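Each protein sequence line maps, in turn, to chains V and P.
The numbering of the first sequence is the working numbering, which starts it at 2 and goes up by one.
The numbering of the second sequence is the working numbering, which starts it at 2 and goes up by one.
Report on the following structure.
Number of protein chains: 2
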Amino acid sequence: MVKISSAKQLYKEYRDHMAKLADTRNALALMQWDQETYMPPKGGGFRAQQIASISELAHGLATSEKLEGLLKSLKDHAELTESERKNIELTAVDFEKQKKYRPEFVRRMSETISRSFNAWIIAKKENKFSLFEKELDELIQLKKEETRILGFAGHPYDALLDEFEKGMTVNLLDKIFSDLKPRLTEIYASITQTAQVDNSFLLKHFEKNKQWDFGMKIIRELGFDFDAGRQDLSAHPFTTSFNKNDVRITTRIKENDFNSMTWSCIHETGHALYEQGLPESEYGLPSGEYASLGIHESQSRLWENQVGRSLAFWQFHYPGLRNLFPEQLEGISLNSFYSGINMVKPSLIRTEADELTYHFHVMIRYDIEKMLISGELETTDIPACWKEQYRKYLGVTVPGDQEGCLQDVHWSHGSFGYFPTYSLGSFYAAQFFHTAQKELPTLKQDVEQGNTSGLLGWLRQRIHVHGRTYNSEELCEKASGEPLKVQYFLDYLLDKYRKIYQF
Amino acid sequence: MVKISSAKQLYKEYRDHMAKLADTRNALALMQWDQETYMPPKGGGFRAQQIASISELAHGLATSEKLEGLLKSLKDHAELTESERKNIELTAVDFEKQKKYRPEFVRRMSETISRSFNAWIIAKKENKFSLFEKELDELIQLKKEETRILGFAGHPYDALLDEFEKGMTVNLLDKIFSDLKPRLTEIYASITQTAQVDNSFLLKHFEKNKQWDFGMKIIRELGFDFDAGRQDLSAHPFTTSFNKNDVRITTRIKENDFNSMTWSCIHETGHALYEQGLPESEYGLPSGEYASLGIHESQSRLWENQVGRSLAFWQFHYPGLRNLFPEQLEGISLNSFYSGINMVKPSLIRTEADELTYHFHVMIRYDIEKMLISGELETTDIPACWKEQYRKYLGVTVPGDQEGCLQDVHWSHGSFGYFPTYSLGSFYAAQFFHTAQKELPTLKQDVEQGNTSGLLGWLRQRIHVHGRTYNSEELCEKASGEPLKVQYFLDYLLDKYRKIYQF
């Protein structure tokens, strides 16, 4: 009898410990959210230090002897349920990984990231990579050190990829991207042989407050629970979650560009719907966490692209939008609007790219990151390399660092290995949406009538509810019946652009 | 030589440890700020748990063996400077106190407070004390337990008073209030024998946005550094600080009451100017913290009352205010405005009370808290006792709990022993301002010209810069040359009301 209660008791202790760890990480997430939304300018210095201190405490909990003991006692324990066993197994993997980091390294990384983020803000504002170079280089050296700490079998960059997408490697990605590139180039070539669509009406003046209200309405209608989350403004849109009942998204508004806010609102809502759909009872456990960044991104992209940039979606929403902005959209038919929001055109800024050329932006970053981590590229040479790659991949001339290698926040956050998950997200999104369409025969009509609750329910049941119990590959098979196939994404693009560009 | 570097090294370790403790407490402060400003409704459950977890980590740092060892090694160390020695001495006192709390007690208190706060919100909204009674009673039982944990020589309530105002006791406060009461009653009697002033114009409609802009302007002009802080809206105005470079104040706006926002803005600015004036290099150390809540309140009250409700202040600001609200203030002279904002009239709500009757509100809470902690009053009898006291002290009839015993947030936060510091703050404020007037001969003319920087400089130099190096009594002597004398406050009131009410 003592033994029977002991497994339950031990698992409860494990759960409590994991909840405390999650509490600490969520405190960190709040500090970061505040840093990007409301923190006054001078607050950055101490905030960096505060984040470092809490990171250290979180690391202490993640690598504590208490947790180690619990994991040992519970490993393969006969009295655990399947789901409990899986949590223990996944936590043990995390534990082993976290143990590799010394507390000093965690603190150094955290402080370097904060300094680097502040340097990046100034450098971007001043349009000068040199103002960021020193901090970025320190961070890159730390990331190299991290690859050695974590270990890797193939390319050192594998160690970093694994952080965002478990099991992803340079080998796999090289293959995916080298297959993808000629196919995208081919579609792009077909597009350029037809007449370009017009999107100039999207660049008229759209009042800030009206845009905000429109965005909030769309977010609500897509199913975001405003009692369990909120939207605020920040320089760079992002989603963060402190638990499924408190999910925060941000956006930014450009008055002379309708695209800027709209797609970021729908994109971040996709992330948020995932977080709001995670199982509450599993708070702090792998079964209560998102599966991977690639899967997370599949949710944001599915809502942004497969839903938000579809004709069906705007069939419902366009009349309301035209009422809101009658002058700006005067004479623009639904079809013209739909073509305009899907215009394909190589550009400088990743977050403003269309669904096709977007992936060239990712490939460029992927190439550069690999070279930085392997040592083939020096930090100081990033701007030149960036310009060269943009000329080669996209045929555009980068006028300066602000619109070049300083455009993304990721490196300043130490997020090397993150960008490829954006492409993976698009691929997963296409495959999931393809499956949902098959299984929900009225999906298109529902969307045309402004009803996306069936789709959300499908995603909740197939993806959200599982947390991190399955890895991306397993989850993909569970949700769609087969492993990831990039072909679904290519088919989706081809179908969409053939209709719009008529080739 | 080894020994010489050792004191420096140990002190550095102590500083680093104290900074980490402060970082953790400031993370908590951010979580609480967010809870009262931006957190979505459903976020409360997990937030309570998250706050409890971080509280536990903070308690761990505050009572760690490492800190204990450092304090022992550094105690009376010959190589410390006077200021360093003082920090060690004060930290040792804190350490001994914190050591008395077991981690389970800290967590239980934190969780009970969160539940109690949420219950209070509902109870207040529903105007029903019974919805708060259970949680409040649990909290009161915990506070009683706390008095036993901390120990006390006289009244058990002394243990709680000491938390907010070191050295304050029931004995001292009973004396102060029993001296004060007849004097206030006397002044009040004089006022009631003259004609009441008019303040009806303050209850006209004042547009929300215009009020906000006016408040922001005043705050800025009083010297609040918006690069090192911000103002937001919350149900109950408060000030919190994450470090001197990030100080947050909140306010609320009532469109049908000019008083509501204005005085809270100036009041919280007073608190914020103190926090923004603490020495940055002493972050996390006693020398970098505020002296006591009484002293903190002296800063808010000095700015709110001695400055913000003075004729000199409005001599400068009234023309601008009249331009902003020409209809509302039509025909209201500066003198009528000044009289109106200083009207004395017994009322139900403490935070809306005038400078005289305010202290009766404090005395009522003080009496009730003493009785609750000693066990002379049961939690369930609070509403009846409240009504009886309001009738007795202020001659007003309490229509319901919302405007009665549920009006203040303090009890739901577990802050028993806090209210008396409000009265102490008024007394210190009057004494400090009296001294400043003597030492800054042009102070009145400066204020008349909208220049309060001389006064702020004086407070920075006399009070802010010292942190918690001196206790309230010592600081009062340092700043004003003598111990606290309530007479300064009474003289100030008498002088002000004699002119306004002409008796």
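Backbone N, C-alpha and C fix where the C-beta goes; we use that ideal spot for every residue, glycine too.
On a predicted model such as this, the values are computed, not experimentally measured, just so you know.
query: In the DSSP assignment, what residue or residues form a beta bridge with Leu234/P?
result: Here residue 234/P refers to the residue found at position 233 when the second sequence is read from its first residue. BP columns for Leu234/P point to Thr252/P.
query: The alpha helix (DSSP H) with Phe490/P in it runs from where to where?
result: In the second sequence, residue 490/P corresponds to position 489, counting from 1. Where Phe490/P is concerned, the enclosing alpha helix (DSSP H) stretches over 487-502.
task: Would you mind stating whether Thr470/P and Ser288/P have Cβ atoms separated by less than 8 Å?
output: Position 469 of the second sequence, counting from 1, holds the residue named residue 470/P. Position 287 of the second sequence, counting from 1, holds the residue named residue 288/P. A contact, by the Cβ cut-off of 8 Å.
message: One question on the structure: do Leu312/P and Arg323/P come within less than 8 Å of each other, judged by their Cβ atoms?
response: Along the second sequence, read from residue 1 onward, the residue named residue 312/P stands at position 311. Along the second sequence, read from residue 1 onward, the residue named residue 323/P stands at position 322. Contact flag unset, no.
query: At what residues does the beta strand (DSSP E) containing Asn244/V begin and finish?
result: Working through the first sequence from its first residue, we reach residue 244/V at position 243. For Asn244/V, the enclosing beta strand (DSSP E) covers residues 240-244.
- request: Would you check if there are 3 or more beta carbon pairs closer than 8 Å linking the region 366-386 of chain V to the region 71-88 of chain V?
  value: Taking 8 Å as the limit for Cβ pairs, the verdict is that the region 71-88 of chain V does not touch the region 366-386 of chain V.
field: Contact residues within the region 22-41 of chain V, judged by C-beta distance below 7 Å to chain P
entry: Asp24, Thr25, Asn27, Ala28, Leu31, Met32, Asp35, Tyr39, Met40, Pro41
task: With 8 Å as the C-beta to C-beta threshold (strictly closer), list the residues of the region 222-256 of chain P near chain V in chain order.
output: Asp226, Phe227, Asp228, Ala229, Gly230, Arg231, Asp233, Phe243, Asn244, Asn246, Asp247
- prompt: Of all the alpha helix (DSSP H) runs that stay within the bounds of the region 346-416 of chain P, which reach a length of 4 or more residues?
  reply: As summarised for the region 346-416 of chain P, the continuous alpha helix (DSSP H) elements at least 4 residues long and confined to that stretch are 359-375, 383-395, given in chain order.
query: Would a check of beta-carbon distances place Lys211/P closer than 8 Å to chain V?
result: One-based indexing of the second sequence puts residue 211/P at position 210. It does not: the Cβ of Lys211/P has no partner Cβ on chain V nearer than 8 Å.
field: Under 7 Å by beta carbon: chain V residues contacting Lys13/P
entry: Within the second sequence, the letter at position 12 stands for residue 13/P. By Cβ distance, chain V contributes nothing, its closest Cβ being about 15 Å from Lys13/P, past 7 Å.
message: Only counting the same chain, and skipping five residues up and downstream in sequence, which positions put a Cβ closer than 8 Å to that of Asn210/P?
response: In the second sequence, residue 210/P corresponds to position 209, counting from 1. So the list is empty, once near-sequence residues are dropped.
- request: Could you please tell me which residues of the region 450-466 of chain P, in chain order, have their CB closer than 9 Å to any CB of chain V?
  value: none
message: Under 8 Å, with one C-beta from each stretch per pair, do the region 117-127 of chain V and the region 410-419 of chain V reach the 3-pair mark?
response: yes
message: Does any residue of chain P have a CB that is nearer than 8 Å to the CB of Arg48/V?
response: Locating residue 48/V in the first sequence gives position 47, where the first residue counts as 1. At least one C-beta of chain P is nearer than 8 Å to the C-beta of Arg48/V.
message: What would DSSP say about Asp17/P, mapped onto helix, strand or coil?
response: Sequence index remark: in the second sequence, residue 17/P carries index 16 (1-based). The answer is helix: DSSP assigns Asp17/P an H, G or I state.
query: By how many angstroms is the C-alpha of Ser261/V removed from the C-alpha of Asp409/V?
result: As a working mapping, residue 409/V is identified with position 408 in the first sequence. As a working mapping, residue 261/V is identified with position 260 in the first sequence. Cα-Cα distance, rounded: 15 Å.
query: Under three-state DSSP, which class holds Asp77/V?
result: Translated into positions along the first sequence, residue 77/V becomes position 76. Per DSSP, reduced to three states, the secondary structure at Asp77/V is coil, with no helix or strand assignment.
- prompt: Roughly how many angstroms separate the alpha carbons of Leu162/V and Thr170/V, rounded to a whole number?
  reply: Against the first sequence, residue 162/V aligns to sequence position 161. Against the first sequence, residue 170/V aligns to sequence position 169. Those two C-alpha atoms are separated by around 7 Å.
field: Beta carbon proximity, Ser54/P to chain V, threshold 8 Å
entry: Taking the first residue of the second sequence as 1, we reach residue 54/P at position 53. Chain V contact via Cβ: present.
message: Once DSSP output is grouped into helix, strand and coil, what is the label at Asp226/P?
response: For the purposes of this step, residue 226/P is taken as the residue at position 225 of the second sequence. Reduced to three states, the DSSP call for Asp226/P is coil.
- prompt: Taking 8 Å as the CB-CB limit, is Leu58/P close to chain V?
  reply: Mapped onto the second sequence, residue 58/P falls at position 57. At least one CB of chain V lies nearer than 8 Å to the CB of Leu58/P.
message: Using a Cβ-Cβ cutoff of less than 7 Å, which residues in the same chain neighbour Glu57/P once the five nearest sequence positions on both sides are dropped?
response: The residue given as residue 57/P occupies position 56 in the second sequence. So the list reads Pro104, Val107, Arg108, once near-sequence residues are dropped.
field: Contact belief for Phe243/V with Phe417/P at Cβ below 8 Å, rounded distance in angstroms
entry: On the first sequence, position 242 is the one that residue 243/V refers to. On the second sequence, position 416 is the one that residue 417/P refers to. Wrong, their Cβ atoms sit about 30 Å apart, outside the cutoff.
Exposed unless 16 or more other CB atoms sit within 10 angstroms - verdict on Val3/V: Here the question's residue 3/V lines up with position 2 in the first sequence. In this prediction, Val3/V scores a pLDDT of 44, lower than 50, which makes its location untrustworthy; no coordinate-derived value is stated.
- request: With Gly45/P as the anchor, note down where its alpha helix (DSSP H) starts and where it stops.
  value: Here residue 45/P refers to the residue found at position 44 when the second sequence is read from its first residue. Run containing Gly45/P: 45-63, per the alpha helix (DSSP H) assignment.
field: Anticipated Cβ contact below 8 Å, Tyr394/P with Ala431/P, distance rounded
entry: Here residue 394/P is taken as the residue at index 393 of the second sequence, counted from 1. Here residue 431/P is taken as the residue at index 430 of the second sequence, counted from 1. The pair is not a contact, with the Cβ atoms about 21 Å apart (cut-off 8 Å).
- prompt: Does the distance from the C-beta atom of Ile52/V to that of Ser111/V stay below 8 Å?
  reply: Along the first sequence, read from residue 1 onward, the residue named residue 52/V stands at position 51. Along the first sequence, read from residue 1 onward, the residue named residue 111/V stands at position 110. When the beta-carbon positions are compared, Ile52/V and Ser111/V come within less than 8 Å of each other.
message: Which residue wins for smallest C-alpha separation from Glu449/V, given the options Gln307/V, Ser481/V, Arg499/V, Ile350/V?
response: Counting from 1 along the first sequence, the entry for residue 449/V is found at position 448. Out of Gln307/V, Ser481/V, Arg499/V, Ile350/V, Gln307/V has the C-alpha closest to the C-alpha of Glu449/V.
query: Of the residues that make up the region 464-484 of chain V, which ones have a beta carbon closer than 9 Å to any beta carbon in chain P?
result: Within the region 464-484 of chain V, no residue has a Cβ that lies closer than 9 Å to any Cβ of chain P.
message: List, in chain order, every chain V residue whose beta-carbon is nearer than 7 Å to that of Pro99/P.
response: Indexing the second sequence from 1 puts residue 99/P at position 98. Rather than Pro, the amino acid found at residue 99/P in this sequence is Gln. Correct list: empty, because the minimum Cβ distance to chain V is about 17 Å.
task: Output yes if chain P places a C-beta closer than 8 Å to the C-beta of Lys43/V; else output no.
output: Locating residue 43/V in the first sequence gives position 42, counting from the first residue. Answer yes: the Cβ-Cβ gap between Lys43/V and chain P drops below 8 Å somewhere.
message: By the DSSP assignment, the alpha helix (DSSP H) with Met110/V in it spans what residues?
response: As a first step, residue 110/V must be located in the first sequence, where it is residue number 109. Met110/V -> alpha helix (DSSP H) spans 104-127.
- prompt: How do the region 14-24 of chain P and the region 216-235 of chain P stand: do at least 3 beta-carbon pairs fall below 8 Å, yes or no?
  reply: no
- request: For Ala273/V, return the contacting residues in chain P, with the cut-off set at a CB-CB distance below 8 Å.
  value: For the purposes of this step, residue 273/V is identified with residue 272 of the first sequence, where counting begins at 1. The premise fails here: Ala273/V is roughly 11 Å from chain P at the closest Cβ pair, so nothing lies under 8 Å.
task: Tell me whether Asn246/V is buried or exposed, calling it buried when 16 or more other Cβ atoms sit within 10 Å of its Cβ.
output: Taking the first residue of the first sequence as position 1, residue 246/V is located at position 245. With a threshold of 16 other beta carbon atoms within 10 Å, Asn246/V meets it and is buried.
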